[in-house]
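Peer 1: After the structure tokens below, expect a handful of questions from me.
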Amino acid sequence: MNKRQLGKTDIKISEVGLGTWQLSGDVWRKKTEAEYIQAIEVALDSDINYLDTALDYGNGYCERVIGKALQGHSSVVISSKIPPQCDDWSPKPQSKIEDYFSPDWIVNRCETSLKNLQRECIDILFLHTWNVAWGHCTEWYEAMVKLQEQGKIRAIGISVGDRRASEANSHIEAGRLDVVQTVYNILEQEPEYTLFPMAQKHQVGIIARCPFSSGALVSNWTASHQFPEGDWRGLWTADDWLAKQVEMVEQIKPIAQNTDLSMSALALKYILNHPTVTSVIPGSSRAEHIRSNVSVAALPNLPQNILEKLQQLWLDGKVHGTYNGGA
Ligand SMILES: NC(=O)c1ccc[n+]([C@@H]2O[C@H](COP(=O)([O-])OP(=O)(O)OC[C@H]3O[C@@H](n4cnc5c(N)ncnc54)[C@H](OP(=O)(O)O)[C@@H]3O)[C@@H](O)[C@H]2O)c1
Numbered sequence: 009m010n011k012r013q014l015g016k017t018d019i020k021i022s023e024v025g026l027g028t029w030q031l032s033g034d035v036w037r038k039k040t041e042a043e044y045i046q047a048i049e050v051a052l053d054s055d056i057n058y059l060d061t062a063l064d065y066g067n068g069y070c071e072r073v074i075g076k077a078l079q080g081h082s083s084v085v086i087s088s089k090i091p092p093q094c095d096d097w098s099p100k101p102q103s104k105i106e107d108y109f110s111p112d113w114i115v116n117r118c119e120t121s122l123k124n125l126q127r128e129c130i131d132i133l134f135l136h137t138w139n140v141a142w143g144h145c146t147e148w149y150e151a152m153v154k155l156q157e158q159g160k161i162r163a164i165g166i167s168v169g170d171r172r173a174s175e176a177n178s179h180i181e182a183g184r185l186d187v188v189q190t191v192y193n194i195l196e197q198e199p200e201y202t203l204f205p206m207a208q209k210h211q212v213g214i215i216a217r218c219p220f221s222s223g224a225l226v227s228n229w230t231a232s233h234q235f236p237e238g239d240w241r242g243l244w245t246a247d248d249w250l251a252k253q254v255e256m257v258e259q260i261k262p263i264a265q266n267t268d269l270s271m272s273a274l275a276l277k278y279i280l281n282h283p284t285v286t287s288v289i290p291g292s293s294r295a296e297h298i299r300s301n302v303s304v305a306a307l308p309n310l311p312q313n314i315l316e317k318l319q320q321l322w323l324d325g326k327v328h329g330t331y332n333g334g335a
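What follows is the structure in structure tokens.
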């Protein structure tokens with residue numbers, strides 16, 4: 009699979025990576041550890057060399073599973089994330105950064121992730137949420153640089169909030185970020201306008217998360233769909249999330265039918281088409297989905313008329329965002 013350079017770093021990652029929130033053993037359908045390890049093995053066998061995780065996924069469980077599965081695979085690139093100390097994923101303008109990401113907290117959580125992952129170095133370390141009001145703050149950055157100098161992390165990143173793609177732009181401009189993780193998909197095209205130009209100008213890598221809008225683009229849901237017990241999407245009733253997703257996806261289906269692509273291929277190809285994106289990280293613990301997502305990387309770019317139709321839907325407000333979960 010083609011590898012793309014992560015911004016100005018010397019890290020090269022497969023353009024399709026693996027999102028591992030689905031391997032957290034809690035809020036997505038629970039499987040056994042052996043099944044999760046098998047999913048990671050399928051990803052590696054399919055030429056994926058990049059896994060995204062977070063300390064928060066199963067409260068360290070997902071990192072520990074990855075640590076076990078990647079014994080003997082030290083060249084596989086891992087990104088992990090530091091959770092906010094106060095456990096609030098949507099900081100308000102008046103929120104104080106020291107309640108979320110104090111230097112001590114960053115160092116302490118990084119050490120825990122290193123232990124979980126059984127590694128001496130985490131390739132990419134993200135802060136797991138952000139706040140535009142922290143544009144003048146630098147203590148978090150100094151803590152990250154110290155970790156970098158100690159060889160404990162390689163690249164410094166922020167995972168920006170859903171619908172808040174541009175909130176870390178001032179830190180991009182100040183040269184503090186190697187990489188930003190953002191929601192970017194057919195339903196959420198805003199980063200193309202508010203984040204990517206800045207990232208491109210400063211050669212900052214982009215990790216595109218939620219390519220299927222948490223499953224909506226690939227699942228044939230109806231507005232009354234019932235999620236299995238324990239699936240976090242079933243708890244998400246705010247803002248008519250499910251009904252709106254279904255309505256938006258109906259606008260995309262006829263466009264997919266005009267191509268020979270499945271919805272999943274159309275969704276991934278839309279993202280990979282943008283040269284600013286370094287890697288897209290579909291989340292899955294299912295072997296056939298992982299293989300199918302990888303196979304999309306080899307397909308040709310989307311025809312210009314299909315791209316334009318998808319972009320027009322967003323410009324007309326017919327698709328208008330992916331989800332509302334907070335972080
Ligand atoms: N704030 C943050 O930093 C943040 C927030 C959310 C997510 N993330 C990261 O981004 C990754 C991806 O986001 P996401 O998982 O929320 O959303 P997503 O990738 O848009 O959707 C995941 C869903 O799509 C299904 N799926 C995957 N491949 C498929 C295929 N080929 N055909 C049909 N269904 C398919 C998965 O089910 P199966 O398991 O059955 O395949 C799962 O239910 C996460 O795993 C995580 O690493 C980060």
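Quick note on this note's numbering: the sequence shown kicks off at 9 and runs consecutively. Yeah, the Cβ is synthetic: ideal placement off N, Cα and C, and Gly gets one too.
Use the C-beta contact count for Pro262: other C-beta atoms within 10 angstroms, 16 or more gives buried, fewer gives exposed.
Peer 2: Residue mapping note: residue 262 aligns to position 254 of the sequence shown, counting from 1. Its Cβ having fewer than 16 others within 10 Å, Pro262 is exposed.
Peer 1: Who are Lys89's beta bridge partners in DSSP?
Peer 2: Your numbering for residue 89 matches position 81 in the sequence shown. In the DSSP output, where bridge partners are listed per residue, Lys89 has Phe134.
Peer 1: Taking only the alpha-carbon atoms, compute the straight-line gap between Leu323 and Ser292 and give it to the nearest angstrom.
Peer 2: Position 315 of the sequence shown, counted from the start, is the residue given in the question as residue 323. Position 284 of the sequence shown, counted from the start, is the residue given in the question as residue 292. Taking the straight line from one Cα to the other gives about 30 Å.
Peer 1: Return the CA-CA distance between Val212 and Thr286, expressed in angstroms with no decimal places.
Peer 2: For the purposes of this step, residue 212 is identified with residue 204 of the sequence shown, where counting begins at 1. For the purposes of this step, residue 286 is identified with residue 278 of the sequence shown, where counting begins at 1. Taking the straight line from one Cα to the other gives about 9 Å.
Peer 1: In angstroms with no decimal places, state the Cα-to-Cα distance between Ser174 and Phe109.
Peer 2: Position 166 of the sequence shown, counting from 1, holds the residue named residue 174. Position 101 of the sequence shown, counting from 1, holds the residue named residue 109. Each residue's alpha carbon lies about 19 Å from the other.
Peer 1: Sorry if obvious, but does the Cβ on Asn124 come closer than 7 Å to a heavy atom of ligand 1?
Peer 2: The residue given as residue 124 occupies position 116 in the sequence shown. The answer is no for Asn124.
Peer 1: What residue from Pro290, Asn177, Gln265 and Leu203 has the CA that sits closest to Leu276's CA?
Peer 2: In the sequence shown, the residue the question calls residue 276 occupies position 268. Considering only alpha carbons, the answer is Pro290.
Peer 1: Following the continuous alpha helix (DSSP H) through Ser178, name the residue where it begins and the one where it ends.
Peer 2: One-based indexing of the sequence shown puts residue 178 at position 170. That run of the alpha helix (DSSP H) goes Asn177 to Glu181.
Peer 1: Answer yes if the region 50 to 65 comes into contact with the region 25 to 42, meaning at least three C-beta pairs across the two stretches below 8 Å, and no otherwise.
Peer 2: Touching, yes, given that three or more Cβ pairs across the two stretches are closer than 8 Å.
Peer 1: For Leu274 and Leu321, I'd like the C-alpha separation in whole angstroms.
Peer 2: Within the sequence shown, the letter at position 266 stands for residue 274. Within the sequence shown, the letter at position 313 stands for residue 321. The straight-line gap from Cα to Cα measures roughly 15 Å.
Peer 1: Candidates Val226, Ala224 and Lys89: which alpha carbon is nearest Val187's?
Peer 2: What you label residue 187 is simply residue 179 of the sequence shown in a count that begins at 1. Among Val226, Ala224 and Lys89, the Cα nearest to that of Val187 belongs to Lys89.
Peer 1: Please classify Leu193: is it buried, with 16 or more other beta-carbons within 10 angstroms of its beta-carbon, or exposed?
Peer 2: In the sequence shown, residue 193 corresponds to position 185, counting from 1. Note that residue 193 is Asn in the sequence shown, not Leu. So Asn193 ends up on the buried side.
Peer 1: With DSSP run on the structure shown, which of helix, strand or coil describes Arg171?
Peer 2: As a first step, residue 171 is located in the sequence shown; it is residue number 163 there, counting from the start. Coil.
Peer 1: Return the residue from the list Tyr149, Pro199 and Ser303 that minimises the CA-CA distance to His328.
Peer 2: Working through the sequence shown from its first residue, we reach residue 328 at position 320. Among Tyr149, Pro199 and Ser303, the Cα nearest to that of His328 is on Pro199.
Peer 1: At a threshold of 7 Å, does Trp29 count as lining ligand 1 (C-beta to nearest heavy atom)?
Peer 2: The sequence position of residue 29 within the sequence shown is 21, counting from 1. Correct: Trp29 has its Cβ closer than 7 Å to ligand 1.
Peer 1: Where DSSP assigns a beta bridge to Ser22, which residues make up the other side?
Peer 2: The count along the sequence shown starts at 1 and reaches residue 22 at position 14. BP columns for Ser22 point to Lys11.
Peer 1: Quick check on the DSSP output: the beta strand (DSSP E) that includes Ile214 runs from which residue to which?
Peer 2: To locate residue 214, count along the sequence shown from 1; it is residue 206. Looking at the DSSP string, the run of the beta strand (DSSP E) that includes Ile214 is Gly213 to Arg217.
Peer 1: When you compare only the Cα positions, how much space is there between Asn7 and Gly68?
Peer 2: No answer is possible for residue 7: it lies beyond the span of the chain, which begins at 9 and ends at 335.
Peer 1: Looking at Thr330: is its Cβ nearer than 8 Å to the Cβ of Ser221?
Peer 2: Stepping through the sequence shown from its first residue, residue 330 is reached at position 322. Stepping through the sequence shown from its first residue, residue 221 is reached at position 213. It is a contact, given that the beta carbons lie within the stated cut-off.
Peer 1: Any heavy atom of ligand 1 closer than 7 Å to the CB of Gln46?
Peer 2: On the sequence shown, residue 46 is found 38 positions in, with the first residue counted as 1. The answer is no for Gln46.
Peer 1: According to DSSP, Gly291 sits in a beta bridge with which residue or residues?
Peer 2: As a working note, residue 291 is residue 283 in the sequence shown. Note: Gly291 sits in a beta bridge opposite Gly27.
Peer 1: Given that a residue counts as buried once 16 or more other Cβ atoms are within 10 Å of its Cβ, and exposed if not, what is His144?
Peer 2: Locating residue 144 in the sequence shown gives position 136, where the first residue counts as 1. His144 is exposed by the Cβ-count criterion.
Peer 1: Measure from the alpha carbon of Leu315 to the alpha carbon of each residue in Val288, Asn266 and Ala305, then state which is nearest.
Peer 2: By one-based count along the sequence shown, residue 315 stands at place 307. Out of Val288, Asn266 and Ala305, Asn266 has the C-alpha closest to the C-alpha of Leu315.
Peer 1: Counting only runs of 4+ residues fully inside the region 181 to 256, write out the alpha helix (DSSP H) ranges in chain order.
Peer 2: Listed in chain order, they are 199 to 202 and 204 to 209.
Peer 1: Have a look at Gly25 and Ser232 and give me their C-alpha separation to the nearest angstrom.
Peer 2: Residue mapping note: residue 25 aligns to position 17 of the sequence shown, counting from 1. Residue mapping note: residue 232 aligns to position 224 of the sequence shown, counting from 1. For Gly25 and Ser232, the distance between alpha carbons rounds to 32 Å.
Peer 1: Can you tell me whether Pro236 sits near ligand 1, meaning its C-beta is under 7 Å from at least one heavy atom of the ligand?
Peer 2: As a position in the sequence shown, residue 236 is number 228, starting the count at 1. Pro236: no, Cβ never under 7 Å from ligand 1.
Peer 1: Report the CB separation of Gly159 from Cys129 in whole angstroms; it is logged as a contact under 8 Å.
Peer 2: As a working note, residue 159 is residue 151 in the sequence shown. As a working note, residue 129 is residue 121 in the sequence shown. Between Cys129 and Gly159 the Cβ distance is about 6 Å, and since that is below 8 Å, they are a contact.
Peer 1: Quick check on the burial criterion: 16 or more other C-beta atoms within 10 angstroms. Buried or exposed for Tyr201?
Peer 2: As a first step, residue 201 is located in the sequence shown; it is residue number 193 there, counting from the start. Exposed: under 16 other Cβ atoms inside 10 Å.
Peer 1: Bridge partners for Asp60 per DSSP, in chain order?
Peer 2: The residue labelled residue 60 in the question sits at position 52 within the sequence shown. For Asp60, which the question treats as bridged, DSSP gives the partners Gly27 and Ser87.
Peer 1: Could you tell me the alpha carbon to alpha carbon distance between Gln259 and Ser82, rounded to whole angstroms?
Peer 2: The residue given as residue 259 occupies position 251 in the sequence shown. The residue given as residue 82 occupies position 74 in the sequence shown. Their Cα atoms are separated by approximately 43 Å.
Peer 1: Using 10 angstroms around the beta-carbon of Ser270, count the other beta-carbons present and answer buried if the total reaches 16, otherwise exposed.
Peer 2: Taking the first residue of the sequence shown as 1, we reach residue 270 at position 262. Looking at its Cβ environment, which holds fewer than 16 other Cβ atoms inside 10 Å, Ser270 is exposed.
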